[in-house]
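K.L.:
Take this structure, written in structure tokens, and hold onto it; I'll ask about it next.
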Amino acid sequence: MVAGVVCALAALCYAEFASTVPVAGSAYTFSYASLGELPAWIIGWDLVLEFALGTAVVAVGWSGYIQSLMDNAGWQMPAALGSREGSDVFGFDILAAALVLVLTGILVLGMKLSARVTTVVVAVKVTVVLVVIIAGAFFITADNYDPFIPESQPVPAGDNLDAPLIQLMFGWAPANFGVMGIFTAASVVFFAFIGFDIVATAAEETRNPQRDMPRGILGSLFICTVLYVLVSIVVTGMQRYTELSVDAPLADAFKATGHPWFAGFISFGAAVGLTTVCMILLLGQTRVFFAMSRDGLLPRFFSRVHPGSAPRTGRRSCSVSSSRSSPASPR
Numbered sequence: 003m004v005a006g007v008v009c010a011l012a013a014l015c016y017a018e019f020a021s022t023v024p025v026a027g028s029a030y031t032f033s034y035a036s037l038g039e040l041p042a043w044i045i046g047w048d049l050v051l052e053f054a055l056g057t058a059v060v061a062v063g064w065s066g067y068i069q070s071l072m073d074n075a076g077w078q079m080p081a082a083l084g085s086r087e088g089s090d091v092f093g094f095d096i097l098a099a100a101l102v103l104v105l106t107g108i109l110v111l112g113m114k115l116s117a118r119v120t121t122v123v124v125a126v127k128v129t130v131v132l133v134v135i136i137a138g139a140f141f142i143t144a145d146n147y148d149p150f151i152p153e154s155q156p157v158p159a160g161d162n163l164d165a166p167l168i169q170l171m172f173g174w175a176p177a178n179f180g181v182m183g184i185f186t187a188a189s190v191v192f193f194a195f196i197g198f199d200i201v202a203t204a205a206e207e208t209r210n211p212q213r214d215m216p217r218g219i220l221g222s223l224f225i226c227t228v229l230y231v232l233v234s235i236v237v238t239g240m241q242r243y244t245e246l247s248v249d250a251p252l253a254d255a256f257k258a259t260g261h262p263w264f265a266g267f268i269s270f271g272a273a274v275g276l277t278t279v280c281m282i283l284l285l286g287q288t289r290v291f292f293a294m295s296r297d298g299l300l301p302r303f304f305s306r307v308h309p310g311s312a313p314r315t316g317r318r319s320c321s322v323s324s325s326r327s328s329p330a331s332p333r
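Given below as structure tokens:
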């Protein structure tokens, strides 16, 4: 909830900018209109790097969930072609690369097909989340909420960098749990809300951007906040917070209630969810390329649009960079 409120402040700024400057590019375009070409050029490449690396990381995560589902079904993929947890060497993750290439193909075919695919996948993802919330609600134990805000505990030596910046600035002792622990967690959870800025990159795809962009940015943030809060309430009610796994809290919570088969269902939902994340990151990256090319900061062919209203050259370039990064990630 704290992270959602803080994120809403930034979202309000994006909503105002998106309705005032309703063109593709998101923060790059806003910077160009308000600060000039040089700051916009820097921010534009920051966005390109963010989206490219984000796509690669999400694709590798998606591959991990798919391989988990395959393992549960008794199918084994050669280690050289999949993500290898705990290995320090570089490997080729064929599933991650395939995901990026397939999603790029969908985006190249045009926004209408992309919108349909996104709608279906998001519907499946939200359904999985709602099923988890509703099913988990039947296994909530009220005693797990006591105390509602656990007593503050000092951070172990060497973990000070995990503390919020405000604690380090004012010399407050870093702590887990308690009020300060809430802000520590909020600084991490904040990254789960990143994505509303990508909505602004597609301003030119909407019929009425002055109306639709603020609604899309703030509406998506509100829905995500509600779902995140409900999932947190259910999970901490199913299993005591001290016993929750850091890596797979949802799966462990259902295992604790005697329903381990839910782990596969959750992995399926996570894989579906990461599919849309990867697609939206690719979309945002191409729209930044498109805006920078139109302003003369990149070659003109990046802003060429085919009849399906898709900048094909930019999308192919994004696909190449992201797919090459995905399989070459260290495990």
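In the numbering used here, the protein residues as written are 3 to 333. For every residue, glycine included, the Cβ atom is placed at its ideal position computed from N, Cα and C.
From the DSSP output, in three-state form, read off ASN146 for me.
P.N.:
Three-state result, ASN146: helix.
K.L.:
Which whole runs of the alpha helix (DSSP H) in the segment 18–53 are 4 residues long or more, in chain order?
P.N.:
List check, alpha helix (DSSP H) in window: 29–36.
K.L.:
Please report how far the alpha carbon of THR143 lies from the alpha carbon of ILE68, in whole angstroms.
P.N.:
Cα to Cα, the separation comes out at about 32 angstroms.
K.L.:
Whether or not the segment 5–24 and the segment 181–195 are in contact is what I'm after, with contact meaning three or more pairs of Cβ atoms, one per stretch, closer than 8 angstroms; do they touch?
P.N.:
The segment 181–195 vs the segment 5–24: in contact.
K.L.:
Within 8 angstroms, do at least three Cβ pairs link the segment 194–207 to the segment 17–34?
P.N.:
yes
K.L.:
Suppose the cutoff is 7 angstroms on Cβ atoms and the five residues either side in sequence are ignored; what does the same chain contact list for VAL123 look like?
P.N.:
VAL274, THR277, THR278
K.L.:
If you drop the 5 nearest sequence neighbours on each side, which residues of the same chain put their C-beta closer than 6 angstroms to that of ALA253?
P.N.:
ALA265, ILE268
K.L.:
Identify, in the order they occur along the chain, each residue of the same chain with its Cβ nearer than 6 angstroms to the Cβ of SER116, setting aside the five sequence neighbours on each side.
P.N.:
ILE108, LEU109
K.L.:
Give me the Cβ distance between LEU46 and MET294, rounded to the nearest whole Å; I'm assuming they're in contact under 8 angstroms.
P.N.:
Here the sequence assigns Gly to residue 46, which means Leu is not the residue at that position. Confirmed, Cβ separation roughly 5 angstroms.
K.L.:
Cβ of ILE352 within 8 angstroms of Cβ of ALA35?
P.N.:
Here the chain has residues from 3 to 333 only, and residue 352 is not among them.
K.L.:
With distances taken Cα to Cα, identify the nearest neighbour of LEU229 among LEU49, GLY66, LYS127, ALA98.
P.N.:
Per the Cα distances, LYS127.
K.L.:
Could you give the residue range of the alpha helix (DSSP H) that holds PRO216?
P.N.:
PRO216 -> alpha helix (DSSP H) spans 211–240.
K.L.:
Does DSSP classify PRO152 as helix, strand or coil?
P.N.:
Correct three-state label for PRO152: coil.
K.L.:
Am I right that GLY56 and LEU283 are in contact with their C-beta atoms under 8 angstroms? What's the rounded C-beta distance?
P.N.:
5 angstroms between Cβ atoms; contact.
K.L.:
Please report the straight-line C-alpha distance between ARG209 and VAL201, rounded to a whole angstrom.
P.N.:
14 angstroms
K.L.:
State yes or no: is the C-beta of LEU101 within less than 8 angstroms of the C-beta of CYS280?
P.N.:
Yes, these two residues count as a Cβ contact at 8 angstroms.
K.L.:
Please report the straight-line C-alpha distance between GLY183 and PRO301, rounded to a whole angstrom.
P.N.:
The straight-line gap from Cα to Cα measures roughly 48 angstroms.
K.L.:
To the nearest angstrom, how far is it from the Cα of PRO149 to the Cα of TYR243?
P.N.:
10 angstroms
K.L.:
Closest to VAL231 by CA distance: which of ARG296, GLU245, LEU132 is it?
P.N.:
Relative to VAL231, the option among ARG296, GLU245, LEU132 whose CA is nearest is LEU132.
K.L.:
First and last residue of the alpha helix (DSSP H) that includes GLN287?
P.N.:
264–296
K.L.:
Our contact map puts TYR147 next to THR238 with C-beta atoms below 8 angstroms; I'd like the distance itself, whole angstroms only.
P.N.:
7 angstroms
K.L.:
Below 6 angstroms CB to CB, which residues in the same chain sit around GLN241 once its five sequence neighbours on both sides are set aside?
P.N.:
ALA255, ALA258
K.L.:
As a quick exercise: from THR22, ALA13, PHE270, pick the residue whose alpha carbon is nearest that of GLN212.
P.N.:
THR22
K.L.:
What's the C-alpha gap between ALA98 and PHE19?
P.N.:
34 angstroms
K.L.:
Give me, in chain order, the residues of the same chain whose beta-carbon lies closer than 6 angstroms to that of SER70; leave out the 5 immediate sequence neighbours on both sides.
P.N.:
So the qualifying residues of the chain are SER269.
K.L.:
Considering only residues of the same chain and omitting the five flanking positions on each side of ASN74, which have a CB-CB separation below 7 angstroms?
P.N.:
GLY266
K.L.:
Could you round the C-beta distance between PHE198 and SER222 to whole angstroms and report it? I think they count as a contact, below 8 angstroms.
P.N.:
Between PHE198 and SER222 a beta carbon distance of about 6 angstroms is seen, short of the 8 angstroms cut, so the two are scored as contacting.
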